[in-house]
Each structure stands twice: as C-alpha cells, then as structure tokens.
Amino acid sequence: MSIDNSDPGHGNSPAAWTAVVIMLVAFTVGTIAFWFSIVPVVFAAGILAAIGPIVGFILARAGYGVGGIHVVAKEH
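By my numbering, the letter at position 38 of the sequence shown is numbered 38, and the numbering carries on one by one without gaps.
Pasting the structure below:
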C-alpha cells in the first residue's frame, strides 16, 4: 500500500484562472443586467459563462494547465 503525496495543483494554473475570471465576469454582468431587466445582456452573459470552461479546457490542452509545458511550478 503506497501513499501518493504529490500535490495535484488544485487548479492553480493560467488555464483555470482564465476560466474562472471569464465566468465571474459573466455572472457579474448577468446579475447586473438581470437587475436592470436588460434581457439580451443576460443571455449574452449566459453564453459567456458557458464559454469560460471551454476556454479553460483549450488552454489546458495547449499546455497552460496544471503540470503543462508552459507552466512553471512555484514552491509555497
């Protein structure tokens, strides 16, 4: 029985941060637009929120995810 003590990274990568920031902006804009009853902007924010994980996946596949070739791990 072995114990794996390797740190998985917990999504601390440019790909994950980009996806999260895109989704946070989308939810913020969507919430404000919903508050002011601007329906087209609410739908646009929903589409942007759906694009966030797709961008994160593409960046991770391009080497910007945890353990990617373009990411330099930093010690805490």
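Don't be surprised by glycine CBs; every beta carbon is placed ideally from N, CA and C.
If I follow the unbroken alpha helix (DSSP H) through Gly46, where does it start and stop? 39-59
Opening and closing residue of the alpha helix (DSSP H) in which Gly30 lies: Taken as a continuous stretch (DSSP letters only), the alpha helix (DSSP H) holding Gly30 covers 14-35.
Given Tyr64, which residues of its chain have a CB within under 7 Å of its CB, disregarding the five upstream and five downstream residues? Excluding sequence neighbours, Tyr64 sits near Ser13, Pro14, Ala15, His70, Val71.
Do Val66 and Gly11 count as a contact pair if the criterion is CB distance below 8 Å? yes
Beta-carbon proximity of Ala33 to Val41, cut-off 8 Å: Their beta carbons are under 8 Å apart, which means Ala33 touches Val41 by this criterion.
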